[in-house]
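Notes follow the structure.
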Amino acid sequence: MAKAKLKQHHINRAWCKGCSICVEFCPRKVLELDKKDKVVSIRPTDCICCRLCELRCPDLAIEVESEKAKEESSELT
Amino acid sequence: MAIKDWIRERFFPHIWCPGCGHGMVLNALLHTFESLGISKNEIVMVSGIGCSSRISGYVDVHTLHTIHGRALAFATGVKMSRPDLNVIVPMGDGDALAIGGNHFIHSARRNININAIVMNNRVYGMTGGQYSPLSGYGTLATTAPFINIDHAFDISRLSMAAGATFVARTTTYHTKQMSELFKEAILHEGFSVVEVLTQCPTYFGRKNKAGNAVEMIKSFKNNTTQIGSKAKEQNPDLIERGIFLQKDLPEYSREYDKVIERAKTKKR
């Protein structure tokens, strides 16, 4: 299986409520809360695209876009 | 389809508190829908009253928001009139087992093809943190400020005894397992119950000093184990996760079709 490479974290700041579930359960500590208690990606190069943040977010506020996912989606369309 | 295509974005951000487990259940359910590859027109979600029941309002499938505890009764009506649809009933622990307790056991007894999702946060969150039939002995709630002396139901054992043919349990920590169990429950022909242990950091967490959402989720990780694991033998207090029961029995709406056929061909 090809390793997925991160393209971008899409964070919806209007939906994020700062519960920090994604921050705590990220295996690589990629995410942190900023001064306004909204999640930000501060170490994106460490991201392994496991998508646990995306799967666990109660507010659907974070999405992981990876290079591999992009290929898959273009195959579908 | 992307996850966002399954929701009614105009209602977001949703009403649930920061760190609420119901949002995580919504998230897992949307991933389940996506992996099943079915269309929105094939799904009906019927819910009652409570924080958890608000989930129906956020999902862009056919939805019914009905009265407290009676979601399964409405869902039975939907299923009987349109047996081809997938009927999903998300409920809270109080909605399912206190107010709707009777509907719950009888839906299970009939083995009608409905997927009941019981989000067990052990409290009535929407109305201010009263204890529920799942709070359990020794917990605190706004209506049990000294201590709750009621014992809790075991949803899995109750469902199995009542006649459900698919019974499973998971937690919000185990999000991938949650999606898989939802998927299996939807594909199962018969009454399925998936209990999800969810966190209510606002009421249950605060009252019982269980910490914030993150700490409550960690406790699900530490206090549960897969069914039949060795850890359970060593520590019997661990709560088991996984599929407790999966069996085939005649399904209600199909059986009813046979009754219709009999009525058409025989005089009595």
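Going down the list, the protein sequences come from chains A and B. Position in the first sequence counted from 1, then plus 1396, gives you my numbering. Position in the second sequence counted from 1, then plus 33, gives you my numbering. Quick reminder that beta carbons are idealized off the backbone N, C-alpha and C, glycines included.
The stretch 249-259 of chain B in contact with the stretch 66-85 of chain B per 3-pair CB rule at 8 Å: No: the two stretches stay apart, fewer than three of their Cβ pairs being nearer than 8 Å.
For residue 159(B) and residue 1440(A), the rounded distance between their alpha carbons: Numbered from 1 along the first sequence, position 44 holds the residue referred to as residue 1440(A). Numbered from 1 along the second sequence, position 126 holds the residue referred to as residue 159(B). Straight-line Cα distance between these residues: approximately 37 Å.
Proximity test, Cβ basis, 7 Å: residue 84(B) and chain A: Mapped onto the second sequence, residue 84(B) falls at position 51. No - not a single Cβ of chain A is within 7 Å of the one on residue 84(B).
C-beta contact flag for residue 226(B) and residue 262(B) at 7 Å: The residue given as residue 226(B) occupies position 193 in the second sequence. The residue given as residue 262(B) occupies position 229 in the second sequence. With a cutoff of 7 Å on beta-carbon distance, residue 226(B) and residue 262(B) are scored as not near each other.
Contact between the stretch 46-61 of chain B and the stretch 182-200 of chain B (3+ Cβ pairs under 8 Å): They do not touch, by the three-pair rule.
Classification of residue 1473(A) by the beta-carbon crowding that lies within 10 angstroms, buried from 16 upward: Translated into the one-based positions of the first sequence, residue 1473(A) becomes position 77. Because the pLDDT of residue 1473(A) is 45, which lies under 50, any placement of that residue in the model is unreliable, and the number read from its coordinates should be weighed accordingly. Around the CB of residue 1473(A), fewer than 16 other CB atoms lie within 10 Å, so the residue is classed as exposed.
Whether residue 54(B) touches residue 258(B) by CB criterion (7 Å): Residue numbering aside, residue 54(B) sits at position 21 when the second sequence is read from its first letter. Residue numbering aside, residue 258(B) sits at position 225 when the second sequence is read from its first letter. In this structure, the beta-carbon distance from residue 54(B) to residue 258(B) does not fall below 7 Å.
Inter-stretch contact (C-beta, 8 Å, three-pair minimum) for the stretch 208-220 of chain B and the stretch 285-296 of chain B: Counting Cβ pairs under 8 Å, fewer than three are found: no touch.
Minimum C-alpha distance to residue 1459(A) - residue among 183(B), 164(B) and 64(B): Walking along the first sequence from the start, residue 1459(A) turns up at place 63. For residue 1459(A), the nearest C-alpha among the options comes from 64(B).
Chain B contact for residue 1422(A) (CB, 7 Å cutoff): The residue labelled residue 1422(A) in the question sits at position 26 within the first sequence. Chain B has no Cβ within less than 7 Å of the Cβ of residue 1422(A).
Rounded C-alpha distance that separates residue 35(B) from residue 120(B): Numbered from 1 along the second sequence, position 2 holds the residue referred to as residue 35(B). Numbered from 1 along the second sequence, position 87 holds the residue referred to as residue 120(B). For residue 35(B) and residue 120(B), the distance between alpha carbons rounds to 22 Å.
Chain B within 7 Å of residue 1473(A), Cβ atoms only: Residue numbering aside, residue 1473(A) sits at position 77 when the first sequence is read from its first letter. Confidence at residue 1473(A) is low in this model, with a pLDDT of 45, below 50, so its placement is unreliable and no value can be given for it.
CB-CB length for residue 86(B) against residue 96(B), believed under 8 Å: Against the second sequence, residue 86(B) aligns to sequence position 53. Against the second sequence, residue 96(B) aligns to sequence position 63. About 10 Å separates the beta carbons of residue 86(B) and residue 96(B), which is beyond the 8 Å limit, so they are not a contact pair.
Residue 60(B): contacting residues in chain A (beta-carbon distance under 9 Å): The residue given as residue 60(B) occupies position 27 in the second sequence. Those within 9 Å of residue 60(B) in chain A are 1450, 1451, 1452, 1453, 1454, 1455 and 1456.
Neighbour flag for residue 1432(A) against chain B, beta carbons, 7 Å: Within the first sequence, the letter at position 36 stands for residue 1432(A). It does not: the Cβ of residue 1432(A) has no partner Cβ on chain B nearer than 7 Å.
Inter-residue spacing [alpha-carbon to alpha-carbon] between residue 278(B) and residue 186(B): For the purposes of this step, residue 278(B) is identified with residue 245 of the second sequence, where counting begins at 1. For the purposes of this step, residue 186(B) is identified with residue 153 of the second sequence, where counting begins at 1. Cα to Cα, residue 278(B) sits roughly 18 Å from residue 186(B).
Beta-carbon neighbours of residue 178(B), restricted to chain A and to distances below 7 Å: Here residue 178(B) refers to the residue found at position 145 of the second sequence. Result: empty, since nearest Cβ-Cβ is about 27 Å, beyond 7 Å.
One or two residues paired with residue 123(B) in a DSSP bridge: Within the second sequence, residue 123(B) is the residue found at index 90, counting from 1. According to DSSP, which records beta bridges pairwise, residue 123(B) is partnered with 150(B).
Chain A contact residues for residue 209(B), given Cβ-Cβ distances below 8 Å: Residue 209(B) sits at position 176 when you count from the first residue of the second sequence. Neighbours of residue 209(B) on chain A, chain order: 1451.
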